[in-house]
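S.K.: Numbering (my numbering), first residue to last: 1 to 237.
Every residue gets a Cβ at the ideal spot worked out from N, C-alpha and C, and that includes glycine.
These numbers come from a predicted model, not from an experiment.
1) Using 10 angstroms around the beta-carbon of residue 100, count the other beta-carbons present and answer buried if the total reaches 16, otherwise exposed.
2) If you follow the alpha helix (DSSP H) that residue 233 is part of, which residue opens it and which one closes it?
3) At 4 residues or longer, what runs of the alpha helix (DSSP H) sit wholly inside the stretch 11-85?
4) Let me make sure I understand the geometry here. Which of 190, 178, 147 and 174 has the alpha-carbon closest to that of residue 153?
5) Just to confirm the assignment, what range does the beta strand (DSSP E) spanning residue 127 have?
6) Could you give the uninterrupted runs of the beta strand (DSSP E) lying entirely in the stretch 174-226, keeping only those of 3 residues or more?
7) On the three-state DSSP scale, how would you describe residue 151?
8) Please tell me whether residue 88 and residue 229 are closer than 8 Å, where the distance is taken between their beta carbons.
9) For a quick check, are the C-beta atoms of residue 22 and residue 206 less than 8 Å apart?
10) Expressed to the nearest angstrom, what Euclidean distance is found between the alpha-carbon atoms of residue 202 and residue 13?
11) Could you tell me the distance, in whole angstroms, from the CA atom of residue 170 to the CA atom of residue 19?
12) Can you check whether the CB of residue 180 is closer than 8 Å to the CB of residue 122?
13) Kindly indicate which residue of 128, 36 and 27 has the alpha-carbon position closest to the one of residue 8.
14) Hey, is the stretch 110-129 in contact with the stretch 205-225, meaning 3+ C-beta pairs nearer than 8 Å?
15) I'd like the list of long-range same chain contacts for residue 148, defined as Cβ closer than 8 Å, with 5 residues on each side in sequence excluded.
16) If you draw a straight line from the C-alpha of residue 232 to the C-alpha of residue 223, how long is it?
17) Please identify the residue among 140, 91, 167 and 211 whose C-alpha is closest to the C-alpha of residue 56.
18) On the DSSP letters alone, give me the boundaries of the alpha helix (DSSP H) that residue 95 sits inside.
19) Closest to residue 183 by CA distance: which of 213, 70 and 29 is it?
The structure is reproduced here in structure tokens:
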């Protein structure tokens, strides 16, 4: 039976504002589809100044990231959030620290993505994301621990992906020339044996869609994260 009073979703947003807008729209669209009528999601959103977070990332100051986001998560819990989303893949570097500071579930984008890959039975995937996501280990190691082999783009391609995320997508810029470059990188990963591609940045799904990559599943981390949040909100997890 569907719960007509959705549980409140807490969201750490603004990382970037472009992807947070997609989260907000997708969560509401799915709640409305499930409940019908004028129903909408119950969301508490705190949108950070992303420039500060990006600088801490570049400096390797993950303690400051954890302290800022953890404090915000605690504030959202105090005013009624019943679960928590970090609406950014890269900041999941500190997801464990944030989860330890709150008493409501933190829905991990890494876990829900791993669940989807495992459900499909794929054992080798390509992964696209920021430099931190591709090299820090929090995502790759989590998949490896589930028996999933991860292929990364070559060094020059990794640099291009990171810079395009930072200098284009985070500013709401999505160009066809960039899209074609990404499609070429995806083709290269498939040629190396990738059975699927993880779009491990919440903005990449705004650039590349499944219809542009026929025959190979794309794991859009934003869509997967949203799906799990909606299931929790409707008590259908």
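M.R.: Considering the structure as presented:
1) exposed
2) 221-233
3) 17-35, 50-59 and 62-78
4) 190
5) 124-129
6) 197-200 and 218-220
7) strand
8) no
9) yes
10) 11 Å
11) 8 Å
12) no
13) 27
14) yes
15) 114, 117, 118, 122, 123, 124 and 125
16) 14 Å
17) 91
18) 95-100
19) 213
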